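Remarks on the structure that follows.
2 protein chains.
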Amino acid sequence: MRQVSNLYKALSDQNRLRILMMLKDKPMCVCEIVNVLQLANSTVSKHLSILRNVDLIMDEKDGRWVNYRLAQSDESDLIDNVMSQLNSLFIGDETINKDRQAVREADRHQICAS
Amino acid sequence: MRQVSNLYKALSDQNRLRILMMLKDKPMCVCEIVNVLQLANSTVSKHLSILRNVDLIMDEKDGRWVNYRLAQSDESDLIDNVMSQLNSLFIGDETINKDRQAVREADRHQICAS
DNA sequence: TCTCCATTTCGTTATCTGGCGAAATATACA
DNA sequence: TGTATATTTCGCCAGATAACGAAATGGAGA
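Protein chains in written order, with our numbering: chain A, 8 to 121; chain B, 8 to 121.
Written out as structure tokens, the structure is:
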């Protein structure tokens, strides 16, 4: 019960929803996400840990970066189910479209170390 | 965007999840729900208005009672999608099973006016 | 080793949320 | 009309949440 409500709590924040939809395209490091959402590093890091705690995303160390990606689908199919729900809920959403455009155009090496 | 996060906010409370799962079985009035959740009338009423505001449930006046039921499925299929997600997330959940048992055994006319 | 930089953790603050009881509203029935 | 009952609304309080900046952590490379 607590686990289920925590899942929906994780999904109940606009910035975390934007993060999930961005990660559909490709894995991203924290500073790339900061660049899109325009929030403090610490804030984005916390959002990511909330999403990780409910198994919606995973992290992978890559040198000094940490790449975040959508979780692998497992036997519960949780992530597939959630993402297909989000896809239909966000059809035509302006914020989501702009974010994904920004992600496509961004280059990690230009954004970070600014 | 706001609409989507509000949907998940509505789903992020354990008592509201319990209400949705109870309503799968049959429409219920506020005092029946109060009887199961053991919360104040005013608290349950507020939970119901939050669920109604995101179109997950509807209300129908019936004399001095107000019956709440799951929303009708519409072209967006929101309610069907959400409820099938909840069904799989709550498989084997003790609280949910007990609630639904209590609902089956309860008689509105004995519970209300106590 | 030392420095740089990405990330996380910590401490603080403003706002949101869920809970309650009391008062207001609405309907049935004597 | 008056009373009883179901529900909603209001005002309040305690705890949760999202935001920030500063400090701590950890890896890369000089």
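Cβ atoms here follow ideal geometry from the backbone N, Cα and C, with glycine treated the same way. What you are looking at is a predicted structure, and each value in this text was computed from that prediction instead of being measured.
In this structure, does DSSP put residue 66 of chain B in helix, strand or coil?
-> strand
Evaluate residue 26 of chain A with the Cβ neighbour count: other Cβ atoms within 10 Å of its Cβ, from every protein chain shown; 16 or more gives buried, anything less gives exposed.
-> buried
Counting along the chain, where does the beta strand (DSSP E) carrying residue 73 of chain B start and finish?
-> 72-77
Counting Cβ pairs, one atom from each stretch, are 3 or more of them under 8 Å apart for the region 12-28 of chain A and the region 102-119 of chain B?
-> no
May I have the straight-line CA-CA distance separating residue 43 of chain B from residue 77 of chain A, to the nearest angstrom?
-> 38 Å
Residues of the region 93-109 of chain B whose Cβ lies closer than 9 Å to any Cβ of chain A, in chain order | 93, 95, 96, 97, 100, 101, 102 and 103
Where does the unbroken alpha helix (DSSP H) through residue 117 of chain A begin, and where does it stop?
-> 115-118
Do you know whose CA, among B/57, B/30 and B/36, lies nearest residue 69 of chain B's CA?
-> B/36
Who are the Cβ neighbours of residue 17 of chain A in its own chain at under 8 Å, not counting the five residues just before and after it?
-> 23, 57, 58, 60, 61 and 63
Quick one: give me the first and last residue of the alpha helix (DSSP H) that residue 87 of chain A is part of.
-> 85-96
Check the Cβ of residue 88 of chain A against every Cβ in chain B and list those closer than 7 Å, keeping chain order.
-> 92
Identify the contact partners of residue 9 of chain B in chain A, using a Cβ-Cβ distance below 8 Å as the criterion.
-> 21
What residues match up with residue 36 of chain B in a beta bridge as DSSP calls it?
-> B/74
Less than 9 Å separating the beta-carbons of residue 89 of chain B and residue 30 of chain B?
-> no
Look up residue 28 of chain A in the DSSP assignment and say whether it is helix, strand or coil.
-> helix
Member of A/28, A/51, A/75 and A/12 whose CA lies at the smallest distance from the CA of residue 99 of chain A | A/28
Cut-off 6 Å between Cβ atoms - residues of its own chain near residue 51 of chain B, not counting five sequence neighbours on either side | 37, 40 and 41
Residue-chain proximity (residue 25 of chain B, chain A), Cβ-Cβ < 9 Å = yes
Taking DSSP as the reference, what is the three-state secondary structure of residue 49 of chain A?
-> helix
Best match in B/92, B/85 and B/111 for proximity to residue 11 of chain A [C-alpha to C-alpha] | B/92
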